[in-house]
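Colleague:
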Amino acid sequence: MIKVNKANKARNKIFEFLTIFSMTFGLVVASGIYLKNRNQYGGVLYEAQNNPWLAIMVWIFIGVVCTLMMVSFVEITGAMKDGEHSTLQSWTKKFINRKSASWIAIFYVAFYMPAIGALGSMFLIDILFEQGIRLLIIETQGKDQLVIALGVPGYLAIKLILSTILLVGFQVMNATTIKPGRWIQTIFTFVKFLPLIVVVIGGIVLYATTPNMSNSFNKSGTLVWGASSTFATMVPILFAFDAFMYAATLQKDVEHREVVAPALLSAILAVTIFYVLITVAIFLGADDGDIFKLFTNIFSNKLNAPWVTFIFKVIIAATLLTMINGYTTLIPKTVQSAVEEELLYLGKKNVGKITIIKAAIIGGTILGAIYITSIIASIIITAKGESQVIFDRTGVGIEKLYVPNPMEVLDLISSTTAVYAFAIYLVTNIAQVVNRFTNKVEIKKVKGGLVCGILASGLVSIVMAYLLYATFIGKPFALDRPKGVSADDWWDNQRSAIINGVASILVLVPIFTWWGINEYQLKKHVLNKEAV
0 MIKVNKANKA
10 RNKIFEFLTI
20 FSMTFGLVVA
30 SGIYLKNRNQ
40 YGGVLYEAQN
50 NPWLAIMVWI
60 FIGVVCTLMM
70 VSFVEITGAM
80 KDGEHSTLQS
90 WTKKFINRKS
100 ASWIAIFYVA
110 FYMPAIGALG
120 SMFLIDILFE
130 QGIRLLIIET
140 QGKDQLVIAL
150 GVPGYLAIKL
160 ILSTILLVGF
170 QVMNATTIKP
180 GRWIQTIFTF
190 VKFLPLIVVV
200 IGGIVLYATT
210 PNMSNSFNKS
220 GTLVWGASST
230 FATMVPILFA
240 FDAFMYAATL
250 QKDVEHREVV
260 APALLSAILA
270 VTIFYVLITV
280 AIFLGADDGD
290 IFKLFTNIFS
300 NKLNAPWVTF
310 IFKVIIAATL
320 LTMINGYTTL
330 IPKTVQSAVE
340 EELLYLGKKN
350 VGKITIIKAA
360 IIGGTILGAI
370 YITSIIASII
380 ITAKGESQVI
390 FDRTGVGIEK
400 LYVPNPMEVL
410 DLISSTTAVY
420 AFAIYLVTNI
430 AQVVNRFTNK
440 VEIKKVKGGL
450 VCGILASGLV
460 SIVMAYLLYA
470 TFIGKPFALD
480 RPKGVSADDW
490 WDNQRSAIIN
500 GVASILVLVP
510 IFTWWGINEY
520 QLKKHVLNKE
530 AV
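Taking numbering that gives the first Met the number 0, the leading residue of the sequence shown gets 0, the next gets one more, and so forth.
1) In chain order, which continuous runs of the alpha helix (DSSP H) of length 4 or greater are located wholly inside the stretch 315-342?
2) Assuming K347 and E339 form a contact by the criterion Cβ under 8 Å, report the distance between their Cβ atoms to the nearest whole angstrom.
3) Indicate whether A104 and L366 have their beta-carbon atoms separated by less than 7 Å.
4) Let's test the definition: count the other Cβ atoms within 10 Å of the Cβ of G515 and tell me whether it reaches 16, buried, or not, exposed.
5) Between the beta-carbon of F169 and the beta-carbon of N324, is there less than 7 Å?
6) Which residues in the same chain have their Cβ closer than 7 Å to the Cβ of M69, if we skip the five residues on either side of it in sequence?
7) Check F14 in the structure and name its three-state DSSP category.
8) Relative to the alpha-carbon of L329, which residue among A114, W52, I19 and W58 has its alpha-carbon at the smallest distance?
9) For L135, I'd like the list of residues in its chain whose CB is within less than 8 Å of its CB, leaving aside the five on either flank, ordered along the chain.
10) Assuming contact is defined by CB atoms lying nearer than 7 Å, are V199 and A269 in contact in what I supplied?
11) Which residue wins for smallest C-alpha separation from E398, given the options S414, S336, I315 and R133?
12) Using the DSSP secondary-structure output, state which residues sit across from T398 in a beta bridge.
13) Looking only at its chain, what residues have a beta carbon closer than 8 Å to the beta carbon of Q39, apart from the 5 residues adjacent to it on each side?
14) If you check the beta carbons only, do G457 and N428 fall under 7 Å apart?
15) Under the rule that 16 or more other beta-carbon atoms within 10 Å means buried, what is A231, buried or exposed?
16) Of all the beta strand (DSSP E) runs that stay within the bounds of the stretch 215-291, which reach a length of 3 or more residues?
17) Mapping DSSP to helix, strand and coil, what is A353?
18) If distances are taken between C-alpha atoms only, which option among A469, V445, N173 and V506 comes closest to E74?
19) Rounded to whole angstroms, how far is the Cβ of P405 from the Cβ of I374, which I believe are closer than 8 Å?
20) Should S495 and L400 be called a contact, given that it needs their Cβ atoms to be closer than 7 Å?
21) With a cut-off of 8 Å on the beta carbons, I'd call G31 and F192 a contact; round off their distance for me.
22) Identify, in the order they occur along the chain, each residue of the same chain with its Cβ nearer than 7 Å to the Cβ of K443, setting aside the five sequence neighbours on each side.
23) With DSSP run on the structure shown, which of helix, strand or coil describes K443?
24) In whole angstroms, what is the alpha-carbon distance linking F20 and F273?
25) Residue range of the alpha helix (DSSP H) that D410 falls in?
In structure tokens, the structure reads:
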């Protein structure tokens, strides 16, 4: 509950407005800005075909769309009564039907949350080693000493062991206590803005002091403008905005409901502006749209201070603890709320109730299965590769040995999680619009809710139609090699598209299988008995 001073109503409103604004801002600005800002398959600049202006326009467009959708979610969450859960499946159950809500609960428990949580643990260790320790040793010693000393299998094993310890440790911690998780989330929510502020300032200063340096804006070649690249650029950006929907639940603890909509909308717009500033700064300071290369350019190359670069990369890695902590907290809570709402059947002893420990064991088992399966598949897929030559600040070439990428599969399908999630948001958004005409659910109408709902539904429908086509058909079957692209580079990118398309379909098989079994069990053991 947001604590307020009841003696001053005006001050209370301002306090609640600022509280919701800051919480929303901190919730939405997350790891997507690190994971997806790059010129590789699935990255913003890659999908924009090296057109930074297109990337910036799409950032703005998605920010506006999320702002419109937020109005709908504010109206939906306002319909939830005291004592009711305020989750996406709860909204779906009330505004659509129970079967759809059950499917969404299973989607989040069986795929979305475990995939993002597992990716978070591997990405943290990847930043710490690949972007941090390993590069620092290469820069200071002139050779890839860490991998040479440990060997590729040993180096890979250490990364996976540390990633596993993180994942298991957070699951156990969040299943048994809540205080450490709250402290971690609170502290690192503020800490994560430190490197981002440095990015904004550093990128602009670097450009101003070294205008002849190669960056994303002054690269040679014709800028590509097209529908396919525009829609493709939306996918990684959707991932960066994915958490915006959770902010709508913040109004439950607010005394003055009239400040909710302005605070949420202002926060989403502020996030959009912040993301655009970060993106512009990265494009000014790095020619490949990579935020980590920007830090290298600022501190290692410009200031000859590789240790400062390393420190900031460690800080970035540490901020990903919020991602791991958040999802290992959400998984058991989602299982628990779904059981309590009779959306999930997990045995006769767990009808309508389940302990958080049991929910954590179930969620942890699913997360572990996805984690292990994805690692095995990733190592098999990326087993073979060639060493790279990287150049230090003096221009000397240094060999960087090839190491398989254990997060390849999860990295690829992380964008799919966002596409599926936004498809679900779209259905919920449409349900809110329909409810305005059917009055199925009693709501407190939000000013502009109908217009914003219609606009958002229309825009997102067009986006989702193309993205689903591109994910399953367009990219995997694009067999024409663009001019100027080598056969090896083309196959590397095409392989990623095929893996993404196949994996995106395969993940639906266990989801629909579980949903079918769950429906049968619910009807047999829960719903029919209630009818009697």
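Backbone N, C-alpha and C define an ideal beta-carbon position, used for all residues, glycine too. Please read all numbers here as calculations on a predicted model, not as lab measurements.
Modeller: On the basis of the coordinates in this document:
1) 320-339
2) As a position in the sequence shown, residue 347 is number 348, starting the count at 1. As a position in the sequence shown, residue 339 is number 340, starting the count at 1. The Cβ separation is near 16 Å, so there is no contact.
3) Stepping through the sequence shown from its first residue, residue 104 is reached at position 105. Stepping through the sequence shown from its first residue, residue 366 is reached at position 367. It is not a contact, given that the beta carbons lie outside the stated cut-off.
4) Walking along the sequence shown from the start, residue 515 turns up at place 516. The residue is exposed, with fewer than 16 neighbouring Cβ atoms inside 10 Å.
5) Position 170 of the sequence shown, counted from the start, is the residue given in the question as residue 169. Position 325 of the sequence shown, counted from the start, is the residue given in the question as residue 324. It is a contact, given that the beta carbons lie within the stated cut-off.
6) Translated into positions along the sequence shown, residue 69 becomes position 70. For M69, where only same-chain residues beyond five positions count, the Cβ hits under 7 Å are F243, A247, L263, L264 and I267.
7) Position 15 of the sequence shown, counted from the start, is the residue given in the question as residue 14. Helix at F14.
8) By 1-based counting over the sequence shown, the position of residue 329 is 330. Checked all of A114, W52, I19 and W58; the closest Cα to L329 is A114.
9) Looking up residue 135 in the sequence shown gives position 136. P305, W306, T308 and F309.
10) Walking along the sequence shown from the start, residue 199 turns up at place 200. Walking along the sequence shown from the start, residue 269 turns up at place 270. Not a contact, by the Cβ cut-off of 7 Å.
11) Position 399 of the sequence shown holds residue 398. Nearest option by C-alpha distance: R133.
12) For the purposes of this step, residue 398 is taken as the residue at position 399 of the sequence shown. According to the sequence shown, residue 398 is Glu rather than Thr. DSSP, once it has assigned bridges, lists V388 as partnering E398.
13) Here residue 39 is taken as the residue at index 40 of the sequence shown, counted from 1. Answer for Q39: Y45, listed in chain order.
14) Position 458 of the sequence shown, counted from the first residue, corresponds to residue 457. Position 429 of the sequence shown, counted from the first residue, corresponds to residue 428. Their beta carbons are not under 7 Å apart, which means G457 does not touch N428 by this criterion.
15) For the purposes of this step, residue 231 is taken as residue 232 along the sequence shown, with counting starting at 1. Per the 10 Å Cβ criterion, buried.
16) none
17) Taking the first residue of the sequence shown as 1, we reach residue 353 at position 354. The residue you asked about is not Ala; residue 353 is Ile in the sequence shown. Secondary structure at I353: coil, using DSSP grouped into helix, strand and coil.
18) Walking along the sequence shown from the start, residue 74 turns up at place 75. If we check each option's Cα against that of E74, V445 comes out closest.
19) By 1-based counting over the sequence shown, the position of residue 405 is 406. By 1-based counting over the sequence shown, the position of residue 374 is 375. So it is a contact: roughly 5 Å between Cβ atoms.
20) As a working note, residue 495 is residue 496 in the sequence shown. As a working note, residue 400 is residue 401 in the sequence shown. Not closer than 7 Å, so no.
21) Here residue 31 corresponds to residue number 32 of the sequence shown, with the count starting at 1. Here residue 192 corresponds to residue number 193 of the sequence shown, with the count starting at 1. The pair is not a contact, with the Cβ atoms about 15 Å apart (cut-off 8 Å).
22) Position 444 of the sequence shown, counted from the start, is the residue given in the question as residue 443. Closer than 7 Å at the Cβ level, and outside the excluded window around K443, lie G77.
23) Working through the sequence shown from its first residue, we reach residue 443 at position 444. Shown here, K443 sits in coil according to DSSP, grouped into three states, outside any helix or strand.
24) To locate residue 20, count along the sequence shown from 1; it is residue 21. To locate residue 273, count along the sequence shown from 1; it is residue 274. The straight-line gap from Cα to Cα measures roughly 14 Å.
25) Numbered from its first residue, the sequence shown carries residue 410 at position 411. Segment E407 to T437, the alpha helix (DSSP H) holding D410.
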